[in-house]
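Novice: Numbering (the numbering used here), first residue to last: 781 to 1210.
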Amino acid sequence: MVHITEDLIRRRAEHNDCEIFSLEEVSLHQQDIERIEHIDRWCRDLKILYLQNNLIPRIENVSRLKNLEYLNLALNNIEVIENLEGCESLQKLDLTVNFVGCLSSVESLRHNVHLTELFLVGNPCTEFQGYRQYVVAALPQLKWLDGTEISRSERIRASQGLEEVRILVGEQEEEYLRRRVQEKEEAERKAAGSEKKNQERKPGFDRCWYTDITNTTPGLEENQENPERDEEEEEREFWGTPCPFTPESRLEAHRHLEQKRKEKEMKTEKKPKAARTLITADGRVLNVNEPKLDFCLTEDDEASVIILDLAVFRHLDTSLIDVDVQPTYVRVAVKGKAQGEIKVVKIIQRPPRNSGNRRCSSPQDNKRNKNDLPERLEVDPSKRTSFDIANIVQRRSTKEGPLEVNRTTPPEADHLSEGFIDDPDVPPLI
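Structure, rendered in structure tokens:
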């Protein structure tokens, strides 16, 4: 059973900054509510109240809502129109698809002088002979009934034969109430039978105690052989059995669906994952590879080298990779998940270009060879001591343009330069 709580109303009052004392409109539809409560004390300024598609059997606790203009109670289990005299500002009342059988209860709405629209479509009372004429005559303030406008001529005709229609409606009400008593008794017997049937399914229903239930309980082994088949048959029997449309049957169907939903949630409930075992009790290291990443292991016995090449995700930040190198194993954690632990029996050094044995985690990695290592260019430092920027831009020849002239050193330059000593204090000649 779902109750109207303060937290529920606050969550429905997001448009009002979750304040309920000044709330003017609230929607509590499809909440499986079975009773109207607390609203008349917490939300005194309500003007619009939506309570459709619930399991409310009675109109109550709304008489203090003096400013209420629209009340929607469609698709509920209401049988009598009552307790609305205090709603002085009520203009529209929606009771579509309920179980109102006491048509005479509409006369309680005479005190709601501002009431202009009333909806009773789908109620048992609408099947009474003289239904519309009776409602139009009993409520002179109405302008619309079941979505149809009430004309002036219709109101005059309804008021002329009101006494005869009232007697006819009274007889039909008595017949309906007698039928309702029978339906309630039948619903009680059915509920008692279903409860007894549920008890019989349990071991020891014959008031006897058994030490071995599986072997001694009669009929239990047959039920345990095909439990899914029994559930399907029960489900087919429940929905295939005809029943009258009553508040009891609607409530029974709702509780049946709720029970099936809870059973399904219990079956699909995920069990917590067990902790990963990385190192056994005897100290043996396990290769886990929880994120299922490809890796390649290269071993070289001559150089005493083991290389672990791990393929991580593209654009992965290095802060999400944790490498732990131990004397006997290596642990790599990528984004908090252990990639694996590989035993190491030799000292790890910088790998040479020519490696020996190689082991990969996938067939594609087996195609890799020793030539996959990157090549580096080496520069002889004795060749040049500084950068040569003279020939960065290639000069044109004299034939390509008038501005470029090839200047060559005259042969006398070598002769004149012999024995020349550069004095730093003397400025150069131009």
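Glycine included, each C-beta is placed from N, C-alpha and C at the ideal position.
Values in this document were obtained by computation on a predicted structure and should not be read as measured data.
Note down, in chain order, each residue of its chain lying with its Cβ closer than 6 angstroms to the Cβ of Y830, except the 5 sequence neighbours on either side.
Specialist: Within the sequence shown, the letter at position 50 stands for residue 830. Contacts found: S807, H809, N852.
Novice: Pull up the DSSP beta-bridge partners for E897, would you.
Specialist: To locate residue 897, count along the sequence shown from 1; it is residue 117. Beta-bridge pairing links E897 to K872, W924.
Novice: So C752 and V916 are in contact, right, with Cβ under 8 angstroms, and what is the actual spacing, rounded?
Specialist: Here the chain comprises residues numbered 781 to 1210, so residue 752 is not present and cannot be evaluated.
Novice: Could you tell me the alpha carbon to alpha carbon distance between R824 and L864, rounded to whole angstroms?
Specialist: Within the sequence shown, residue 824 is the residue found at index 44, counting from 1. Within the sequence shown, residue 864 is the residue found at index 84, counting from 1. Those two C-alpha atoms are separated by around 15 angstroms.
Novice: Quick check on the DSSP output: the alpha helix (DSSP H) that includes N916 runs from which residue to which?
Specialist: Here residue 916 is taken as the residue at index 136 of the sequence shown, counted from 1. Contrary to the premise, residue 916 reads as Val rather than Asn in this sequence. Looking at the DSSP string, the run of the alpha helix (DSSP H) that includes V916 is 911-918.
Novice: How big is the Cα-Cα spacing for A793 and Q832?
Specialist: Position 13 of the sequence shown, counted from the first residue, corresponds to residue 793. Position 52 of the sequence shown, counted from the first residue, corresponds to residue 832. Their backbone Cα atoms lie some 17 angstroms apart in a straight line.
Novice: Contact check, L1212 vs E804 under 8 angstroms by CB: the rounded distance?
Specialist: The chain is shown from 781 up to 1210; residue 1212 falls before or after that span and cannot be answered.
Novice: Look at the alpha carbon of N796 and the alpha carbon of L848, and state the distance between them as a whole number of angstroms.
Specialist: Here residue 796 refers to the residue found at position 16 of the sequence shown. Here residue 848 refers to the residue found at position 68 of the sequence shown. Looking at the two C-alpha atoms, the distance is approximately 17 angstroms.
Novice: Rounded to whole angstroms, what's the CA-CA distance from R958 to S885? Just pull it up for me.
Specialist: Position 178 of the sequence shown, counted from the start, is the residue given in the question as residue 958. Position 105 of the sequence shown, counted from the start, is the residue given in the question as residue 885. Rounded to the nearest angstrom, the two C-alpha atoms are 17 angstroms apart.
Novice: I'd like to know if the region 900-918 and the region 946-960 are in contact, where contact means that at least 3 CB-CB pairs between them fall below 8 angstroms.
Specialist: Taking 8 angstroms as the limit for Cβ pairs, the verdict is that the region 946-960 does touch the region 900-918.
Novice: Count the other CB atoms, across all protein chains shown, that sit within 10 Å of the CB of C798; report buried if there are 16 or more and exposed otherwise.
Specialist: Locating residue 798 in the sequence shown gives position 18, where the first residue counts as 1. Classification for C798: exposed.
Novice: Check each candidate in E1070, V1065, L1066, E1045 and name the one with the smallest Cα separation from K1053.
Specialist: Residue numbering aside, residue 1053 sits at position 273 when the sequence shown is read from its first letter. The shortest C-alpha separation from K1053 is found at E1070.
Novice: Just to confirm before moving on: does the CB-CB distance between S843 and G866 stay below 8 angstroms?
Specialist: Along the sequence shown, read from residue 1 onward, the residue named residue 843 stands at position 63. Along the sequence shown, read from residue 1 onward, the residue named residue 866 stands at position 86. In this structure, G866 lies closer than 8 angstroms to S843 by Cβ.
Novice: At the level of alpha carbons, what is the spacing between D1104 and D1097?
Specialist: Here residue 1104 refers to the residue found at position 324 when the sequence shown is read from its first residue. Here residue 1097 refers to the residue found at position 317 when the sequence shown is read from its first residue. Between D1104 and D1097, the C-alpha separation is close to 17 angstroms.
Novice: When the distance is taken between beta carbons, is L835 closer than 8 angstroms to D812?
Specialist: For the purposes of this step, residue 812 is identified with residue 32 of the sequence shown, where counting begins at 1. For the purposes of this step, residue 835 is identified with residue 55 of the sequence shown, where counting begins at 1. Yes, these two residues count as a Cβ contact at 8 angstroms.
Novice: Sort D1010, D1081, L1073 by Cα distance to V1112 and report the nearest one.
Specialist: Translated into the one-based positions of the sequence shown, residue 1112 becomes position 332. Of the candidates D1010, D1081, L1073, the one whose C-alpha sits nearest the C-alpha of V1112 is L1073.
Novice: Can you tell me which of the three DSSP states F908 falls into?
Specialist: Here residue 908 refers to the residue found at position 128 when the sequence shown is read from its first residue. It is coil, neither helix nor strand.
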